[in-house]
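Visitor: Going line by line, the protein sequences match chains A and B. Read in UniProt numbering, the first sequence has 16 at position 16, and its numbers run on one by one without any break. Read in UniProt numbering, the second sequence has 188 at position 188, and its numbers run on one by one without any break.
Protein chains: 2
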Amino acid sequence: MDDDPRVRTWAPVCQAVAALLGPYAEVVLHDPGTDRIMAVWNPMSARGPGDPSLLGELDALDPSAPDVFGPYEKLLADGRRLSSVSAILRDPDGRASVVLCVNLDRTPLEQAAAVLSAFGAPTVSRPEPLFEHDWSERVQHVVGSYVRECGRPVERLTRADRLAVLARLDEAKVFAVRRATPVVAGALRVSRSTLYGLLAELRAPNAKDHAR
Amino acid sequence: MDDDPRVRTWAPVCQAVAALLGPYAEVVLHDPGTDRIMAVWNPMSARGPGDPSLLGELDALDPSAPDVFGPYEKLLADGRRLSSVSAILRDPDGRASVVLCVNLDRTPLEQAAAVLSAFGAPTVSRPEPLFEHDWSERVQHVVGSYVRECGRPVERLTRADRLAVLARLDEAKVFAVRRATPVVAGALRVSRSTLYGLLAELRAPNAKDHAR
DNA sequence: TCCATGGCTGGACTCTATGTCCAATCTGGA
DNA sequence: TCCAGATTGGACATAGAGTCCAGCCATGGA
Chain A
1 MDDDPRVRTW APVCQAVAAL LGPYAEVVLH DPGTDRIMAV WNPMSARGPG
51 DPSLLGELDA LDPSAPDVFG PYEKLLADGR RLSSVSAILR DPDGRASVVL
101 CVNLDRTPLE QAAAVLSAFG APTVSRPEPL FEHDWSERVQ HVVGSYVREC
151 GRPVERLTRA DRLAVLARLD EAKVFAVRRA TPVVAGALRV SRSTLYGLLA
201 ELRAPNAKDH AR
Chain B
1 MDDDPRVRTW APVCQAVAAL LGPYAEVVLH DPGTDRIMAV WNPMSARGPG
51 DPSLLGELDA LDPSAPDVFG PYEKLLADGR RLSSVSAILR DPDGRASVVL
101 CVNLDRTPLE QAAAVLSAFG APTVSRPEPL FEHDWSERVQ HVVGSYVREC
151 GRPVERLTRA DRLAVLARLD EAKVFAVRRA TPVVAGALRV SRSTLYGLLA
201 ELRAPNAKDH AR
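#1: Which residues in chain A have a C-beta closer than 8 Å to the C-beta of B/GLN15? List them in chain order.
#2: Would you identify the three-state DSSP class for B/ARG126, choosing helix, strand or coil?
#3: Tell me, which residues are paired with A/VAL17 by DSSP?
#4: Report buried or exposed for A/SER191, applying the criterion of at least 16 other Cβ atoms within 10 angstroms of its Cβ.
#5: Is A/LEU82 close to chain B, meaning its C-beta is less than 8 Å from at least one C-beta of that chain?
#6: Can you list the residues of chain A that B/ARG203 reaches, using a CB-CB cut of under 8 Å?
#7: Quick one: using the 10 Å Cβ neighbour count with 16 as the cut-off for buried, is A/SER97 buried or exposed?
#8: Could you tell me which residues DSSP pairs with A/GLU26 in its beta bridges?
#9: I need the DSSP call for B/VAL174, collapsed to helix, strand or coil.
#10: A/VAL165 bridges to which residues according to DSSP?
#11: Could you check whether the Cβ of residue 213 of chain A sits closer than 8 Å to any Cβ belonging to chain B?
#12: Tell me, please, whether the CB atom of B/ALA19 is closer than 8 Å to any CB atom in chain A?
#13: Report the CB separation of A/VAL13 from B/LEU89 in whole angstroms; it is logged as a contact under 8 Å.
#14: Rounded to a whole number of angstroms, what is the C-alpha to C-alpha distance between B/THR123 and A/ARG138?
#15: Taking 8 Å as the threshold (beta carbon to beta carbon), is A/ARG178 in contact with chain B?
#16: Check the Cβ-Cβ distances between B/GLU32 and every residue of chain A, and say whether any is below 8 Å.
#17: Among all the DSSP beta bridges, which residues are the ones paired with A/ALA87?
#18: Counting only beta-carbon separations shorter than 8 Å, does B/PRO5 have a partner in chain A?
#19: Kindly list, in the order they appear in chain B, the residues whose Cβ is closer than 9 Å to that of A/THR158.
#20: Which residues bound the beta strand (DSSP E) around A/VAL40?
#21: Specify, as a first and last residue, the run of the alpha helix (DSSP H) that B/PRO49 falls within.
#22: Apart from the five residues just before and just after B/ARG162, which ones in its own chain have a Cβ nearer than 7 Å to its Cβ?
#23: Tell me which residues share the same chain as A/ARG47 and place their Cβ nearer than 7 Å to its Cβ, disregarding the 5 neighbours each side in the sequence.
#24: Pop quiz: B/VAL183 and B/SER136 are said to be a contact at Cβ under 8 Å. What is the actual Cβ separation, rounded to whole angstroms?
#25: Work out the CA separation of B/GLU201 and B/ARG6 for me, nearest whole Å.
#26: Is B/LEU82 helix, strand or coil when you go by DSSP?
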């Protein structure tokens, strides 16, 4: 079934829709000729390829009907409410090739909507954390916690220690801040040259790692 | 453009997706050959048929690449965050026929999620805010919220508007970040020179404040 | 004690990014 | 149409980032 050329043609679309809508949407390809399911992505019911489509109501052969139906509501056996859309997909000659159905489980949305409407929807807007106001304090803090972790004062840190601290600072994008280098060098009690040396070593994970 | 046979082939799918996702999703068909937009449903930006696709990164001609990308995050000029999925759709011979992109505006979902997460998990404690990982996105966001506040697109902002945005960005210490100036200038659709001009005006509270 | 080694240092140097300035151009309004 | 003010690209000056190196410790082994 998977090697039906029609499935190959339409699969990427189905896969894309399924990926976009995450776990809450089921995508089904029907064969209008045999009225059976050809393929399913994200199945929500037990239906699978080969099962009957039960699409009787939409007549793919009526040329006057529109190609896209819905969204209309369906009800699953367990009570979940679905929004469904169907589309008749045609081959280059205009013949109905397959019928695509997308079924979206509305319950999570309805739950969310219920909660939202319970408030008057004043739409919470965070006041924006924005940027760290005192990034140099932050540097001191990173160095400080490391010092406390290993119990050695800054002056006694080993080369490896400084590399570790630098890794954290670099990770935290500290060096994207202007004039950060001298501050960090100061905090680590190291010269600017050394700082750049360590940094280079840190950022070149190749060569020279015989130490590991 | 509408009578391109490829558009006829794929239009029902696009229309279905657009119908299913209501007003919050944009569906775009790209021509991988000319790298231009062929058709758009539910347009969210000003792009239309014939405009360049700006899809450079996904190479439709690389046969080893997967056919479906995403979902990945995109940022609109006005700051809205999108979930995007792209799929390469092929003709019966396996040649890339068109590229389908579905862009879902996440802001309503995020607002809902924010409210929902406010229940449960009292006071999420982030383990060290550290630095903003993507500060340029932050810039986009500040510009974006302003644009939405005053309802004018970036291109139509007045001089005073730009001053106001700059004040916010300056307040947020954006210019303490390396290489921020060109990014901000770009976001405001203004040249570097102008940027510095506005900035100077902003930071000189003396003289010329007859306006207060 | 002496020497060898490896990391650290200051400083010179290059190059990129920042910020200033200006003449030419654009734009909106009288 | 013309004018005043805003905007622009580009030239320029300078500061900061990053590299390099010769010399200087400190450590540890002979």
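Each residue gets a CB set at the ideal place from its N, CA and C atoms; glycine is no exception. It should be emphasised that the depicted structure is a prediction, and the values quoted were computed from it without experimental measurement.
Guide: If we stick to the structure as given:
#1: ASP67, VAL68, ALA87
#2: Because B/ARG126 carries a pLDDT of 30, less than 50, the predicted location of this residue cannot be relied on, and the following value inherits that uncertainty. B/ARG126 falls in the coil class under three-state DSSP.
#3: Note: A/VAL17 sits in no beta bridge, so no partner.
#4: exposed
#5: no
#6: By Cβ distance, chain A contributes nothing, its closest Cβ being about 16 Å from B/ARG203, past 8 Å.
#7: buried
#8: A/ASN103
#9: helix
#10: Answer is none; A/VAL165 lacks a bridge partner.
#11: Chain A is shown from 1 up to 212; residue 213 of chain A falls before or after that span and cannot be answered.
#12: yes
#13: 7 Å
#14: Annotation note: pLDDT 30 at B/THR123 (below 50); position unreliable, coordinate value reported separately. Taking the straight line joining both Cα atoms gives about 22 Å.
#15: yes
#16: Correcting the residue type first, residue 32 of chain B is Pro in the shown sequence and not Glu. No, no contact with chain A.
#17: A/VAL68, A/LEU100
#18: yes
#19: Under the 9 Å cutoff, chain B gives no residues; its nearest Cβ is about 24 Å from A/THR158.
#20: 36–41
#21: That residue, B/PRO49, is in no alpha helix (DSSP H); it is neither H nor E in DSSP.
#22: LEU188, VAL190, LEU198
#23: ILE37, VAL40
#24: 5 Å
#25: 54 Å
#26: strand
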